[in-house]
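Asks: For reference, each letter of the sequence shown is one residue, going 4 to 592 in our numbering.
Starting off with a structure, shown below.
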Amino acid sequence: MSAHAALCRLRPAALILTAAVLVPLTANAPAAATTAAAERAPLERMLSERALSERVLKDEVVLTPGKGGLTRVKETIVYRFAGNKGFKRTFTTRDHDSVTEDRVYKIEGLRASSPNGGPTKVGTSESGTRTTVKVSGGTSLTGERTVVLEYAVRGAIARMGSVEELRWPAVGGWSVPVDEARATLGGGATIDNVNCFAGPPGSTIGCTQFYTNHTRTEGIFSQQRMLSGESLTVVAGFPAGTTGGTALYERRHNVATAFSVNAVTGGALLGLLVLLGGGLAALYLLRGRDARVVGKKAAEGDQPPLAGAEFEPPDGVRPGQIGTLIDEQADVIDVTATIVDLAVRGYLLIEEEDRAATGRLDWTLRRLDRPVVDLLPYERILLDALLTGRDGGARDAVKLSELGGTFATRLAQVRSAMYDDVVKQGWFARRPDTVRSRWTVAGIVVTLLGVAGTVALALTTEWALAGLAVIIAGAALAYGGQYMPAKTARGSTVLAHTIGFRAFLERGVLPEGDASRQRIALYSRFLPYAVVFDVVAKWSETVKDAGQQGADNLYWYEGPAEWDLSKFAESMRAFTLTTSGSISQSRGF
4 MSAHAALCRL
14 RPAALILTAA
24 VLVPLTANAP
34 AAATTAAAER
44 APLERMLSER
54 ALSERVLKDE
64 VVLTPGKGGL
74 TRVKETIVYR
84 FAGNKGFKRT
94 FTTRDHDSVT
104 EDRVYKIEGL
114 RASSPNGGPT
124 KVGTSESGTR
134 TTVKVSGGTS
144 LTGERTVVLE
154 YAVRGAIARM
164 GSVEELRWPA
174 VGGWSVPVDE
184 ARATLGGGAT
194 IDNVNCFAGP
204 PGSTIGCTQF
214 YTNHTRTEGI
224 FSQQRMLSGE
234 SLTVVAGFPA
244 GTTGGTALYE
254 RRHNVATAFS
264 VNAVTGGALL
274 GLLVLLGGGL
284 AALYLLRGRD
294 ARVVGKKAAE
304 GDQPPLAGAE
314 FEPPDGVRPG
324 QIGTLIDEQA
334 DVIDVTATIV
344 DLAVRGYLLI
354 EEEDRAATGR
364 LDWTLRRLDR
374 PVVDLLPYER
384 ILLDALLTGR
394 DGGARDAVKL
404 SELGGTFATR
414 LAQVRSAMYD
424 DVVKQGWFAR
434 RPDTVRSRWT
444 VAGIVVTLLG
454 VAGTVALALT
464 TEWALAGLAV
474 IIAGAALAYG
484 GQYMPAKTAR
494 GSTVLAHTIG
504 FRAFLERGVL
514 PEGDASRQRI
524 ALYSRFLPYA
534 VVFDVVAKWS
544 ETVKDAGQQG
554 ADNLYWYEGP
564 AEWDLSKFAE
574 SMRAFTLTTS
584 GSISQSRGF
């Protein structure tokens, strides 16, 4: 068999084999092509999106320093638009140099132009430490446009030792990536050294390239592939005196500067000292006069207040009046002393209940049939308040325990009448409570005005210390107002005699030879004053042995069975405490 014949015989089998081999390969070809296309799709999409996204293709800056430290900048920007009408670029124009000062950079003469229809309308806005430059046009733009941005910056050159240093973020502050950045610094002056940094603000990473030409009159800086927000900062040193530029500083407004001491705040503080000094002088004149009169008359009042067979306190002053005169306040204890005085003078009978029988300590105040024509106005108000029921009707007796929580309103009326009385007596020119209130309200108003003024001044000026001075003055006024009520000369004289009378009660010694009944009468007459002066225990020593002489009770106070005057000091102490607690929630006002 020839070779040709053999080949012919083998061809069908080969074709079959070839077909068998090719069929599966042909069947898998579409899947392989789809897989390859799928792998290429993300890369193509990324390339397509990168080709369509907005970015700075090239940013070339020329800086020319001049006299006075003014640096002129011409920036040629090739920007690819994708539908926006313009772009923004942000400059850092303020650095916090210290707690109170900022180093500032002033951008001036900003303008924009375009040779191929790019945006040319320029606007600026400031926020915090940054200034944003917005370049916009009238229509949406696509494709590449060239914009020439020109401006001048002051404060970029500062004296650093023996050289003048220029430091400025020539390229940066973009919200889009920058493919290529280049800066040229020239102007004919000799450049001692150059440096540059690329990256986020404050970066110390060197840029791609920086150098000077062979004449050292021009510096060249470049950086490839900058991300949004990154900057290319150029640095160059010139011989001292080349431009005469200096750094610009402004005082930063914060808490430290708002409360700084200056001519205005110093004057306000001085005025405050004068005001406080004047207030002290006024208080000295008012209080000092009282003290002088009291000192002069005290010796005259330091005598046993006896006149023949009559027993009278100095100038016939009532206990409640003395209490108000001493501290210029109508205290609850002064009202309690008045209740005791009404009993001593025959308008009330105080009955102490038997604690063993009732299981509690209580007293009954019982009305006695006596005309009230000789009572002072505040005494009549007090007597009516005690013996008037909740329904408004009169009652003959009342327990102290029944007064709790119901007497406070009437107590205010009694206190007001007591203040009116000391003015009527001529001891004060005006009601002490009214004087205190007026000064306190005035001080509070001044303090509030000072607070509002301090806040306003702190937010807008450096004079907040003046407002603080007003706050202090207002607080001093409110506090000092508590000491402003002043007695008249007549009031000071009565006070002097009162001091002597108190010394007499504190001694707790009655004249020798008095009969027991006379001693009890004298003791009773002066007991309300002892309540005001808080010397009941000492004064009660004068009658503790009266029970041994046949006197077991007082004509105005009845104790339970097996009670005698030796127990009276403790009974009276308990009575005054219980009464004060029943008629008011607190002892003093």
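Beta carbons: idealized from backbone N, C-alpha and C, even for Gly.
Remember, it's a predicted structure, so these values are computed and weren't measured experimentally.
With distance defined between alpha-carbon atoms, name the residue in T582, V277, A161, P204 nearest to F410.
Replies: Of the listed residues, the one whose Cα sits closest to F410 is T582.
Asks: For L498, name the three-state secondary structure that DSSP assigns.
Replies: Helix.
Asks: Indicate the three-state DSSP secondary structure (helix, strand or coil) for F213 in the structure shown.
Replies: F213: strand per DSSP, three-state reduction.
Asks: What separation, rounded to the nearest whole angstrom, lies between the Cα atoms of T268 and L276?
Replies: Each residue's Cα considered, the two are about 12 Å apart.
Asks: Using three-state DSSP, classify I194 as helix, strand or coil.
Replies: Looking at I194 - three-state DSSP - the assignment turns out to be coil, as it is neither helix nor strand.
Asks: Measure the Cβ-Cβ separation of E104 and N265 and say whether it is below 8 Å.
Replies: Against a cut-off of 8 Å, the Cβ pair of N265 and E104 comes out as no contact.
Asks: Quickly, what does DSSP pair F571 with across the bridge? List them, please.
Replies: Beta-bridge pairing links F571 to no other residue.
Asks: Kindly indicate the opening and closing residues of the beta strand (DSSP E) around Y154.
Replies: Start and end: 145 to 157.
Asks: Which runs of the alpha helix (DSSP H) fall wholly inside the segment 68 to 139 and span at least 4 residues, in chain order?
Replies: As far as the segment 68 to 139 is concerned, it has no whole alpha helix (DSSP H) run of at least 4 residues.
Asks: Quick test of your reading: E382 and W366, contact by CB under 8 Å. State the CB separation rounded to the nearest angstrom.
Replies: Between W366 and E382 the Cβ distance is about 19 Å, and since that is not below 8 Å, they are no contact.
Asks: Below 6 Å CB to CB, which residues in the same chain sit around I329 once its five sequence neighbours on both sides are set aside?
Replies: There are no such residues.
Asks: Might you give, ordered along the chain, the residues of its own chain that have their beta carbon closer than 7 Å to the beta carbon of D254, omitting 5 neighbours on each side?
Replies: Looking at the sequence shown, residue 254 is not Asp but Arg. Taken in chain order, the residues that qualify are T103, E104, T260.
Asks: Would you tell me roughly how many angstroms separate the C-alpha atoms of V390 and L371, rounded to the nearest one?
Replies: It is Leu, not Val, that sits at residue 390 in the sequence shown. Straight-line Cα distance between these residues: approximately 11 Å.
Asks: By the three-class DSSP mapping on this structure, what secondary structure does G240 have?
Replies: Residue state, collapsed to three classes: strand.
Asks: Is it the case that the Cβ atoms of T96 and N119 are separated by a distance below 8 Å?
Replies: No; because the gap between Cβ atoms is not below 8 Å, this pair is not in contact.
Asks: From D98 to A250, what does the alpha carbon distance come to, in whole angstroms?
Replies: Roughly 11 Å between the two C-alpha positions.
Asks: Determine the contact status of V156 and T67, defining contact as a CB-CB distance below 8 Å.
Replies: Not closer than 8 Å, so no.
Asks: Using the DSSP secondary-structure output, state which residues sit across from A201 in a beta bridge.
Replies: In DSSP, A201 forms a bridge with L235.
Asks: With a threshold of 6 Å on Cβ separation, who are the neighbours of G407 within its own chain once the five nearest residues in sequence on each side are excluded?
Replies: Counting only Cβ-Cβ distances below 6 Å, and skipping sequence neighbours, we find S585.
Asks: Kindly confirm or deny that the segment 225 to 241 and the segment 138 to 149 touch, where touching means at least three C-beta pairs closer than 8 Å.
Replies: No, the segment 225 to 241 is not in contact with the segment 138 to 149.
Asks: Are the beta-carbon atoms belonging to V444 and T327 less than 8 Å from one another?
Replies: No.
Asks: I'd like the span of the beta strand (DSSP E) that includes K402, first residue to last.
Replies: Unbroken beta strand (DSSP E) run through K402: 400 to 402.
Asks: Alpha carbon to alpha carbon, what distance is there between V258 and T579?
Replies: The straight-line gap from Cα to Cα measures roughly 55 Å.
Asks: Judging by CA-CA distance, which residue of P435, T361, K402, V338 is the nearest neighbour of R413?
Replies: The candidate whose alpha carbon is nearest that of R413 is V338.
Asks: Identify every residue that forms a DSSP beta bridge with R58.
Replies: Looking at the DSSP assignment, R58 forms a beta bridge with R83.
Asks: Considering only their Cβ atoms, is the gap separating T496 from R522 smaller than 8 Å?
Replies: Not a contact, by the Cβ cut-off of 8 Å.
Asks: Would you mind reading off the limits of the beta strand (DSSP E) that contains M163?
Replies: Start and end: 160 to 163.
Asks: By alpha-carbon positions, which one of Y214, G240, P180, E561 ends up nearest to G202?
Replies: Of Y214, G240, P180, E561, the residue nearest in Cα terms is P180.
Asks: With distances taken Cα to Cα, identify the nearest neighbour of S130 among A159, D182, F94.
Replies: Checked all of A159, D182, F94; the closest Cα to S130 is F94.
Asks: By DSSP, does Q332 sit in helix, in strand, or in coil?
Replies: The answer is coil: DSSP assigns Q332 none of H, G, I, E or B.
Asks: Could you have a look at V438 and say whether DSSP puts it in helix, strand or coil?
Replies: Reduced to three states, the DSSP call for V438 is helix.
Asks: Give every residue of the same chain whose Cβ lies closer than 8 Å to the Cβ of G446, excluding the five residues on either side of it in the sequence, and list them in chain order.
Replies: Excluding positions up to five away in sequence, the list reads G477, A478, A479, L480, A481, Y482, G483, G484.
Asks: Mind checking which residues open and close the beta strand (DSSP E) that includes M487?
Replies: From DSSP, M487 is part of no beta strand (DSSP E); its letter is neither H nor E.
Asks: Can you pull the DSSP bridge partners for E354?
Replies: Looking at the DSSP assignment, E354 forms a beta bridge with T367, E561.
Asks: Would T127 and S116 be called neighbours here (beta carbons separated by less than 8 Å)?
Replies: No; because the gap between Cβ atoms is not below 8 Å, this pair is not in contact.
Asks: Give a yes or no on whether the C-beta atoms belonging to T501 and W430 are separated by under 8 Å.
Replies: Contact: no.
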